[in-house]
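**Q** In the numbering used here, the protein residues as written are 8 to 356.
The beta carbon of each residue, even a glycine, is placed where N, CA and C say it ideally should be.
Computed from a predicted model, the values in this text were never measured in an experiment.
First, the structure itself, so that you have it in front of you.
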Amino acid sequence: MLKIALILVHILIANGSLDPEKLEYHEKKIYKPPLEEVRLVLEESLKKNFAQVSVEIVDCPDLTKDPFYLASSGLVGDGTIIEYGNTKYLLPLPDKSKVYDLITSIRRIDGFKEKDFFVCGAGAGPFPLINQNSEGIYNLKVHANGSMINEGYLAKIVASGMELQKFPNNETRAAILGNLFLSEGKAGKVIKVVAKNRFGEENFISSMQKGLTQSYPTDKIIGLGGAFVMNGKANIHVMDKFSEIPINTDEELNSWLKFFDMPGPLICLGNYVSQQTDYELRFQHFHCFSKHGYGGHYHYDTTPDTVEYEGYFNIAERIVLIDKNSAISVSSKIALISKLLLILMKFLK
Ligand code: ZN
């Protein structure tokens with residue numbers, strides 16, 4: 008009875024992209040310190056965890072080249088942190104109405120209505136493409152004339168383990184939740200970060216993220232985004248197919264997520280912020296791809312003695328939330344109905 012009810016609810020939920028005009032948007036200007044000020048904070052925090060650290064302000068190299076393979080050469084121009092969707096749309100059960108088109112969603116943001124843009128980062132993959140949940144690794148350049156370069160991937164669970172799959176060039180959908188760094192993708196000054204030989208507890212991103220939190224007051228929110236390459240091995244998860252039974256506890260979540268120890272070089276894309284604020288922002292979120300078939304959600308390196316990181320980051324000027332806090336999600340409604348049915352069945356026994 009419970010299963011039939013769940014199937015009926017799933018059938019009622021459509022898979023088409025949501026109309027961006029109807030989505031809830033929130034935009035907030037954030038504090039953008041000078042690059043040199045942030046450079047010092049990142050250097051100091053990384054030195055607490057890595058034996059070799061160098062943080063410099065440089066002209067962004069051409070990041071379309073090996074080893075980064077980005078869809079755009081730079082990270083400069085109108086830097087924006089985007090958080091779309093919500094973990095409530097994934098857990099305890101997925102809300103399959105949550106499919107977003109990146110181009111139309113970004114074109115709604117002030118300043119991005121017509122110009123070229125580059126967006127990269129981490130989110131749930133576009134499940135309608137493969138009819139399965141996956142990790143999305145977004146890496147998309149869109150020109151003002153509508154032409155685009157799509158270097159995005161998805162990582163999915165298959166019978167033999169995991170599989171990395173490149174997006175078709177015209178696949179611009181994202182789903183459920185995600186964290187992106189948006190810019191005009193231009194050349195210009197960025198922060199280059201190199202860190203090797205980790206001796207501390209904090210990994211590459213969490214060192215820098217916590218350094219920002221400790222260095223700036225809560226009313227000065229700082230956000231950075233970009234890409235890094237890790238050489239070594241890393242703990243990475245890939246989400247399994249959507250669960251048909253509600254996932255409520257951390258234990259249930261960790262048995263549903265599939266963890267791998269993946270070899271580099273891994274190219275990781277995403278953003279990190281100094282404060283969660285009343286927006287309840289995610290502190291950091293990076294997904295990685297590679298040219299040797301590995302990819303997924305990055306947690307931390309597992310080879311601290313030999314690990315090497317090289318990253319390029321830029322500072323955001325604003326945060327945009329898309330459909331983060333719409334009213335009670337379908338997912339919660341399904342969970343509520345399931346719970347009520349279970350109680351009813353127990354009562355009838
Ligand atoms: Zn993730």
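Runs of 3 residues minimum, wholly inside the segment 37-109: which ones carry the beta strand (DSSP E) assignment?
**A** For the segment 37-109, whole beta strand (DSSP E) runs of length 3 or above, ordered along the chain, are 57-66, 87-92 and 106-108.
**Q** To which residues of the same chain is Thr220 closer than 6 Å at the C-beta, ignoring the five residues directly before and after it?
**A** On the sequence shown, position 213 is the one that residue 220 refers to. Excluding sequence neighbours, Thr220 sits near Ser281.
**Q** Leu357 to Asp108, Cα distance in whole Å?
**A** The question about residue 357 has no answer, for the chain in this structure spans 8 to 356.
**Q** For Leu30, which option in Lys54, Leu328, Met352 and Leu77 has the closest C-alpha, if you only look at C-alpha atoms?
**A** On the sequence shown, position 23 is the one that residue 30 refers to. Per the Cα distances, Leu328.
**Q** Which residues, in chain order, sit with a beta-carbon under 5 Å away from any heavy atom of ligand 1?
**A** Qualifying residues, in the order they occur: Ala129 and His304.
**Q** Just reading off the alpha helix (DSSP H) that Phe211 is part of, what are its end residues?
**A** Locating residue 211 in the sequence shown gives position 204, where the first residue counts as 1. Element bounds for Phe211: Phe211 to Ser222.
**Q** Here's a check: name, in chain order, each residue in its chain whose Cβ is nearer than 6 Å to the Cβ of Cys275, leaving out the five neighbours to either side.
**A** Numbered from its first residue, the sequence shown carries residue 275 at position 268. Answer for Cys275: Phe235, Phe293, Cys295 and Tyr305, listed in chain order.
**Q** For Asn242, collect the residues of the same chain with a Cβ closer than 7 Å to its Cβ; drop the 5 residues on either side in sequence, then sort them by chain order.
**A** Counted from its first residue, the sequence shown places residue 242 at position 235. The residues are Phe266, Asp268, His306, Tyr307 and Thr309.
**Q** How close, in whole Å, do the beta carbons of Val149 and Phe124 come, if the pair is a contact with beta carbons under 8 Å?
**A** For the purposes of this step, residue 149 is taken as residue 142 along the sequence shown, with counting starting at 1. For the purposes of this step, residue 124 is taken as residue 117 along the sequence shown, with counting starting at 1. Sure, about 6 Å apart at Cβ, within 8 Å.
**Q** Which residues does DSSP pair with Asp308 in a beta bridge?
**A** Here the question's residue 308 lines up with position 301 in the sequence shown. Ala241.
**Q** Thinking C-beta only, is Ile144 closer than 8 Å to Gly168?
**A** Position 161 of the sequence shown, counted from the first residue, corresponds to residue 168. Position 137 of the sequence shown, counted from the first residue, corresponds to residue 144. Result no, Cβ atoms of Gly168 and Ile144 do not sit closer than 8 Å.
**Q** Is any heavy atom of ligand 3 found at a distance shorter than 7 Å from the C-beta of Asp285?
**A** Ligand 3 is absent from the structure shown, which contains only ligand 1.
**Q** Any idea if Val229 is buried or exposed, counting beta-carbon neighbours within 10 angstroms, 16 or more meaning buried?
**A** Along the sequence shown, read from residue 1 onward, the residue named residue 229 stands at position 222. It is Ile, not Val, that sits at residue 229 in the sequence shown. Buried: at least 16 other Cβ atoms inside 10 Å.
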